[in-house]
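Chemist: Numbering (our numbering), first residue to last: 175 to 505. The structure is given below, and queries will be raised subsequently.
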Amino acid sequence: MKLDYQQALNRVADAKGAWLVHGGEPLLEQNLLSAFRAHWQSQGIERQRFELQSVQDWKQIFSALNSLSLFSTQLAIEVHGNIKPDAPSLKLLKSYLQNPQDNFLLMVFPKQESQSLKSAFFQAVEANAAVVALSAYGAQQQQRILQIEAEKIGLQLTAQAWQWLIFHHENNLLSARNTLLGLADSFPEVAQIDIAELEQSVQDQSRFSTFDLGDACLKGDLAQAVKILNFLIESGEALPLIFWVLQKEMRLILQLFEQPQNALQLGIWKNKLSLYQSALRRFSPQQLLSWSNLLLRTDQAIKGLGDEHPHDLLLQLVCALSGQAIFTPSS
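And the structure:
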């Protein structure tokens, strides 16, 4: 079956078997993943995460689904990437979908072309589980999504302010949501936000964005990347959002290393292909192999697990993605 974003949010608690989520809207992906993780935690369901770096990873995923730990009766597995299973793994997927028991498989893919959605992989999931398209077309749908975000933080906007917000952010829902958060901090006493408050807030916050951070890292401009990272942290940007951008860029580079001929299928836009290819040339295979552990440690630190400081680990990610070490060998 096919679901849109709102339908998927409403069915998180009842989700069974497997869902395949795809789209190019970071805000919608973050919200849906947060809803799933909160549900799993409330139900005591063990969660594991896999990053697809080769087609062989699918075998590990199905092996994990068939082997619960001693302390778990249910398992939820998140799979992130853009590598479809080969024929043997597709057979394992179909077998799992016929009898998932109480386990759940959540596959998170980037935006897919229409031809890709016709593949045997997507068709198998759609026939036996759910395919969720994370997209928001048109100003009305985008405004409905953002109004829910505004209600969460007790914010109300005039009709003119909504039009201005949608137009200014040019369909970037994540950026628009960040503006709403800034408005809530800057104008806590204002009953209804109008264009004047929006213009002031955007002017105050327009210096850098998380996407500027990703671009600076891809260009190998460490000094600029560190400057942007410090600005984002000091301005109160949510650490999971900073981490999301860095890990997305790292994941794309890892996938490009494995599949250099499939850049467009991986979700890399044509106008940024040369940037990713240039970035990839800076890294040795040994450097790329070290990223998975660093990403895991950062994710755990942001969630309050372990003794490491998330700011320090984000800096290490920025340095790694920029292709430069934090310390010289002599230090």
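In this text, a Cβ means the ideal position worked out from N, Cα and C, and glycines have one as well.
1. Check LYS444 in the structure and name its three-state DSSP category.
2. CB-CB under 6 angstroms to GLY198, same chain, minus the five flanking residues each way: which ones, in chain order?
3. For LEU280, which three-state DSSP category applies?
4. Is ALA304 helix, strand or coil when you go by DSSP?
5. Consult DSSP for LYS292 and reduce its assignment to one of helix, strand or coil.
6. Between the beta-carbon of LEU348 and the beta-carbon of GLN204, is there less than 9 angstroms?
7. What does DSSP give as the partner residue(s) for PHE224 in the beta ladder?
8. Where GLU443 and ALA294 are concerned, what is the direct C-alpha to C-alpha distance, given to the nearest angstrom?
9. Can you give the Cα-Cα distance for GLN374 and ALA358, rounded to whole angstroms?
10. Give the straight-line distance between the Cα atoms of GLN398 and ARG455, rounded to the nearest whole angstrom.
11. Do VAL306 and TRP139 have their beta-carbon atoms positioned less than 9 angstroms apart in this structure?
12. Mind the definition here: the segment 335–342 touches the segment 298–312 only if three or more C-beta pairs lie below 8 angstroms; say whether that holds.
13. Do TRP232 and LEU267 have their CB atoms nearer than 9 angstroms?
14. Using a Cβ-Cβ cutoff of less than 6 angstroms, which residues in the same chain neighbour ASP368 once the five nearest sequence positions on both sides are dropped?
15. Within 8 angstroms, do at least three Cβ pairs link the segment 206–225 to the segment 405–413?
16. Please return the same chain residues whose Cβ sits closer than 8 angstroms to the Cβ of GLN234, not counting the five positions on each side in sequence.
17. To the nearest angstrom, how far is it from the Cα of HIS254 to the Cα of ALA437?
18. Compare the Cα-Cα distances from ARG211 to each of ALA182, PRO200, VAL195, GLU252 and report the closest residue.
19. If you check the beta carbons only, do SER458 and ASP395 fall under 9 angstroms apart?
20. Just to confirm my understanding: we take ARG471, look at its own chain, exclude 5 residues before and 5 after, and list those with CB closer than 8 angstroms. What are they?
21. Just verifying my parser: in three-state terms, what is the DSSP assignment at LYS401?
22. Helix, strand or coil: which one does DSSP assign to ALA367?
23. Once DSSP output is grouped into helix, strand and coil, what is the label at HIS343?
24. Using only CA atoms, which one of LEU468, ALA475, ASP473, GLN461 lies nearest to GLN498?
25. CB-CB under 8 angstroms to LEU440, same chain, minus the five flanking residues each way: which ones, in chain order?
26. In whole angstroms, what is the alpha-carbon distance linking VAL229 and SER452?
27. DSSP on HIS196, reduced to helix/strand/coil?
28. If we count the other Cβ atoms within 10 Å of its Cβ and call it buried at 16 or more, is THR384 buried or exposed?
Modeler: Well, looking at it:
1. DSSP places LYS444 in helix when its eight states are reduced to three.
2. Excluding positions up to five away in sequence, the list reads LYS285.
3. The three-state secondary structure of LEU280, taken from DSSP, is strand.
4. Here ALA304 sits in strand by DSSP.
5. Reduced to three states, the DSSP call for LYS292 is helix.
6. For the pair LEU348 and GLN204, the CB atoms are nearer than the 9 angstroms cut-off.
7. In the DSSP output, where bridge partners are listed per residue, PHE224 has VAL253.
8. In the sequence under discussion, the amino acid at residue 443 is Trp, which differs from the Glu named in the question. For TRP443 and ALA294, the distance between alpha carbons rounds to 24 angstroms.
9. Annotation: GLN374 to ALA358 spans about 13 angstroms, alpha carbon to alpha carbon.
10. GLN398 and ARG455: Cα-Cα distance of roughly 20 angstroms.
11. A query on residue 139 cannot be resolved here, the shown segment of the chain reaching from 175 to 505 and no further.
12. Between the segment 335–342 and the segment 298–312 there are fewer than three inter-stretch CB-CB distances shorter than 8 angstroms, so the stretches are not counted as touching.
13. For TRP232 and LEU267, yes; Cβs fall inside 9 angstroms.
14. Within the same chain, ASP368 has close Cβ partners THR332, ALA335.
15. The segment 405–413 vs the segment 206–225: no contact.
16. Excluding positions up to five away in sequence, the list reads PHE224.
17. Counting only the Cα atoms, ALA437 lies some 17 angstroms from HIS254.
18. Checking every option, the nearest Cα to that of ARG211 belongs to GLU252.
19. No, Cβ-Cβ distance for SER458 and ASP395 is not below 9 angstroms.
20. Here the set comprises GLY480, GLU482, LEU487.
21. Shown here, LYS401 sits in a helix according to DSSP, grouped into three states.
22. The amino acid at residue 367 is misidentified as Ala; the sequence shows Ile. Three-state result, ILE367: strand.
23. Three-state result, HIS343: helix.
24. Checking every option, the nearest Cα to that of GLN498 belongs to GLN461.
25. Excluding sequence neighbours, LEU440 sits near ASN256, PRO284, LEU426, GLN429, LEU430, GLN433.
26. So the two alpha carbons sit approximately 25 angstroms from each other.
27. Here HIS196 sits in strand by DSSP.
28. Per the 10 Å Cβ criterion, buried.
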